[in-house]
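Trainee: All you need for our numbering is the position in the sequence shown, starting with 1, plus 1.
Every residue, glycine too, gets a C-beta built ideally from N, C-alpha and C.
Here's a structure for you.
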Amino acid sequence: MPRGRITFDQLPLFASDREIAEAVVGRDIEKVERLLLSLPKLEACGFPKRTPDGRYTPAVRDFYDRVHRARPSETATAPRQPQEDGQWNPKKKGRALHRV
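Laid out in structure tokens, this is it:
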């Protein structure tokens, strides 16, 4: 009997690369193998490293959320800088720019 598709919610806390690949791309053998071969490149981009117990699945999910911007990131926007004198401020409509 064929097995159903595995999801991230069904993975253990530390999962094997094959389990993670099946959760990401499904059970298509070619897609799984292609993902397994791309893991070194993904690690260079921040994909969680493998431990003796497997990969930490919450970190894998966070990686894909960041890559696909599924959740806002703390580093997605730069902090606002204070307005300096003499700079144009688009929120102050109708005011002339005066340099002191």
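Are the stretch 30–46 and the stretch 3–13 touching, with three or more C-beta to C-beta distances below 8 Å?
Mentor: The answer is no - the stretch 3–13 does not touch the stretch 30–46, with fewer than three Cβ pairs under 8 Å.
Trainee: So what does T52 bridge to, in DSSP terms?
Mentor: Here the question's residue 52 lines up with position 51 in the sequence shown. G55, per the DSSP bridge assignment.
Trainee: Identify whether A22 lies in helix, strand or coil by the three-state DSSP scheme.
Mentor: Position 21 of the sequence shown, counting from 1, holds the residue named residue 22. Here A22 sits in helix by DSSP.
Trainee: Using a 10 Å radius around the Cβ and a threshold of 16 neighbouring Cβ atoms, would you call I30 buried or exposed?
Mentor: As a working mapping, residue 30 is identified with position 29 in the sequence shown. Answer is exposed; the Cβ neighbour count stays below 16.
Trainee: R35 lies in the alpha helix (DSSP H); which residues open and close that run?
Mentor: Your numbering for residue 35 matches position 34 in the sequence shown. R35 -> alpha helix (DSSP H) spans 30–45.
Trainee: If you measure between the beta carbons of D18 and R56, is that distance less than 9 Å?
Mentor: Along the sequence shown, read from residue 1 onward, the residue named residue 18 stands at position 17. Along the sequence shown, read from residue 1 onward, the residue named residue 56 stands at position 55. Against a cut-off of 9 Å, the Cβ pair of R56 and D18 comes out as a contact.
Trainee: Determine, using beta carbons only, whether A24 and L38 come nearer to each other than 9 Å.
Mentor: Position 23 of the sequence shown, counted from the start, is the residue given in the question as residue 24. Position 37 of the sequence shown, counted from the start, is the residue given in the question as residue 38. Result no, Cβ atoms of A24 and L38 do not sit closer than 9 Å.
Trainee: Return the CA-CA distance between R62 and L36, expressed in angstroms with no decimal places.
Mentor: Numbered from its first residue, the sequence shown carries residue 62 at position 61. Numbered from its first residue, the sequence shown carries residue 36 at position 35. If I take the Cα positions, the gap works out to 15 Å.
Trainee: Quick one: grab the DSSP three-state call for A16.
Mentor: On the sequence shown, position 15 is the one that residue 16 refers to. Three-state result, A16: strand.
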